[in-house]
Amino acid sequence: MNSRKRYGVGLALFVLALLALTIFLAPRQNNLGTGSTYSRNPSGYGAWYAYMGDRGTPVERWEKPTDVFLSTSESRKKDRPKTPITLLQIQTDFMPSPSPIVYDREWISQGNVLLQVGMRTRITNAPFRSDIASPQGKVVIETRRRHSLSFPLTYQGLEEAKPKALLEDPYGAIAWEETIGRGRVIFVVTPHLAANAYQNEPGNFEFLATLLENIGHPIYVDEYLHGYKDDDTITEETGGSLGAYLWETPLSILALQGVGVLMLLIWGLNRRLGPEDKLRHPTQDNNRSYINALASILLKANCTDFAVETLKKAELLNVQRSLGFGDTPLETETLKAAWEAQTGRSPDDLHPLLSSSRPVRKSMTEVELQQWLEAIAQIRHHLPERGSPTLANVEAQPQSHPVLRS
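Sequential numbering from 20 applies to the sequence shown in the working numbering.
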């Protein structure tokens, strides 16, 4: 498997793994929106909340824990609204037993009213869908659950609870109230009494609205039950720190985020085939470009001898530098003596550089040019210290120079 196929397979496996983690570790949809006045789902109560606003009955959303009503702490007491009030709790599903607040008889007995919508009562032989008549019009109920008033849900005797049916049919009560001191607890069996799905059933909305308005207390709806919290509650519960946030965050979300970060690090830092080889852009050699342009001009002008004489001067200057005489021109005899003294070679080796200009005739043949370049290469080879490269470097590939080939 070549590197490109291996790269493609690795990328495909990464995408599949990320997709699987997203599917299996993503937070599941919950039913906290059921019964919430913020929800537009069929099971939400957003339409009923707007309905109450249109009729001029204010309903305040309560976004604090209900233990504010039960706590004896002074800091909790300051968050309580002035009593008496009516607290509406719409359960997300059928509630197996009354809310814990019911057991605080002191709070209820002060004249407060708790209205709980959604109670898990016994299943009867009633049809699933029932149209029940009420003073507010037809109320549509879709549940077979009913309640017998012989069993008060406030765990009191019949004489003390004084259960009273507010909506019933031959199979039992659908809405009823029980008394605790000067207060009351009102129960409704179905959690969907005035849900958004029943907007076309005006009797349902009107029944719940009238039930609350007839009490005459300020109305609060419990949104903390559905996960909504005000800023003070969030700060109090989380402590306003990152650690507290992580502590409250589900482990599945943290695991998904951690795996995602780990995969990105592996993908970005993995150098299994070695360090990355950055693409290098070729740099333009202006000197070579100039030489090639000049060579083209000399080739067209048939000026090979001019190029040879130019090379002679450059190589002769290179020999002087290597022998330690700098750039000042020397006498021929002085240069020969220095050559012989420092290299131990015959002064005749310098003849290709010291010979006078050729008589005017046609340019060197290719064989003569090759021999001349080889002689120049021998001179450079025996220099005691090599000077800077000159145009004579073409000895490695003499036939590649366009001027010297002509």
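Where a beta carbon is used, it is the ideal one built from N, C-alpha and C, also for glycine.
| Item | Value |
| --- | --- |
| Residues that leucine 402 bridges to, as DSSP identifies them | In the DSSP output, where bridge partners are listed per residue, leucine 402 has none listed. |
| Contact under 7 Å by Cβ, leucine 134 with isoleucine 205 | yes |
| Bridge-paired residues (DSSP) for glycine 54 | In DSSP, glycine 54 forms no bridge with anything. |
| Own chain partners of asparagine 215 with C-beta closer than 8 Å, once the 5 adjacent residues on each side are dropped | Ser58, Arg59, Asn60, Pro61, Ser62, Gly63, Tyr64, Gly65, Ala66, Trp67 |
| Cutoff 7 Å: arginine 59 Cβ touching any chain B Cβ | Checking the listed chains, one finds no chain B in this structure; it contains a single protein chain. |
| 6 Å Cβ shell around glycine 222 - same chain, five flanking residues per side excluded | Gln155, Gly156, Lys157, Val158 |
| One or two residues paired with serine 149 in a DSSP bridge | Ile160 |
| Proximity below 7 Å, CB of valine 132 to CB of threonine 102 | no |
| Span of the beta strand (DSSP E) around glutamate 242 | First-last for glutamate 242: undefined, no H or E at that position. |
| Valine 240 and threonine 76 closer than 7 Å at C-beta | no |
| C-alpha gap between leucine 168 and aspartate 150, whole angstroms | 21 Å |
| Other residues of its chain near glycine 176: CB distance less than 6 Å, five sequence neighbours each side excluded | none |
| Integer-rounded CB distance, given that glutamate 197 should sit under 8 Å from leucine 230 | About 14 Å; that fails the 8 Å criterion. |
| Close Cβ partners of glutamine 129 (< 8 Å) along its chain, the five nearest in sequence each way excluded | Thr102, Pro103, Gly200, Arg201, Gly202 |
| Close Cβ partners of alanine 3 (< 8 Å) along its chain, the five nearest in sequence each way excluded | Only positions 20 to 425 of the chain appear in this structure, which leaves residue 3 out of reach. |
| Cβ distance (whole Å) where proline 371 is taken to contact alanine 394 below 8 Å | 4 Å |
| Close beta carbons around valine 379, own chain, < 7 Å, minus the five adjacent residues each side | Any reading at valine 379 is ruled out, since the residue's pLDDT is 47, under 50, leaving its predicted position unreliable. |
| Contact check, glutamine 110 vs proline 210, beta carbons under 7 Å | yes |
| Span of the alpha helix (DSSP H) around methionine 71 | 65-73 |
| Sheet register partners of threonine 209 (DSSP bridge) | Paired residue(s): none; threonine 209 is not in a bridge. |
| Between the CA atoms of threonine 353 and phenylalanine 325 - distance to the nearest angstrom | 26 Å |
| Under 7 Å between C-beta atoms of valine 87 and aspartate 73 | no |
| Residues of its chain near methionine 282, where Cβ-Cβ distance is below 8 Å and the 5 sequence neighbours each way are ignored | Phe33, Ala36, Leu37 |
| Asparagine 144 versus arginine 164 - alpha carbon distance | 9 Å |
| Where glutamine 155 sits in the DSSP three-state scheme | coil |
| Proximity below 7 Å, CB of phenylalanine 226 to CB of tyrosine 70 | no |
| Environment of glycine 279 [buried if 16+ CB atoms lie within 10 Å] | exposed |
| Alpha-carbon spacing of alanine 184 relative to arginine 80, whole angstroms | 27 Å |
| Among Ile398, Asp123, Ala360, the one whose alpha carbon lies nearest that of lysine 331 | Ile398 |
| For histidine 400, the nearest candidate out of Ile253, Gly343, Val207, Glu334 (CA to CA) | Glu334 |
| Beta-carbon spacing of proline 194, valine 207 below 7 Å | According to the sequence shown, residue 194 is alanine rather than proline. In contact: alanine 194 and valine 207 (Cβ atoms closer than 7 Å). |
| Option nearest leucine 349 by Cα separation, candidates Thr329, Asp368, Leu373 | Leu373 |
| For proline 100 and tyrosine 243, believed in contact at Cβ under 8 Å, the rounded distance | With 8 Å as the limit, tyrosine 243 and proline 100 do not qualify as a contact, their Cβ atoms being about 14 Å apart. |
| Assigned secondary structure, leucine 298 (DSSP; H/G/I helix, E/B strand, else coil) | coil |
| Alanine 356 - containing alpha helix (DSSP H), residue span | 351-362 |
| Residue range of the alpha helix (DSSP H) that includes lysine 16 | Given a span of 20 to 425 for the chain in the structure shown, any question on residue 16 remains unanswerable. |
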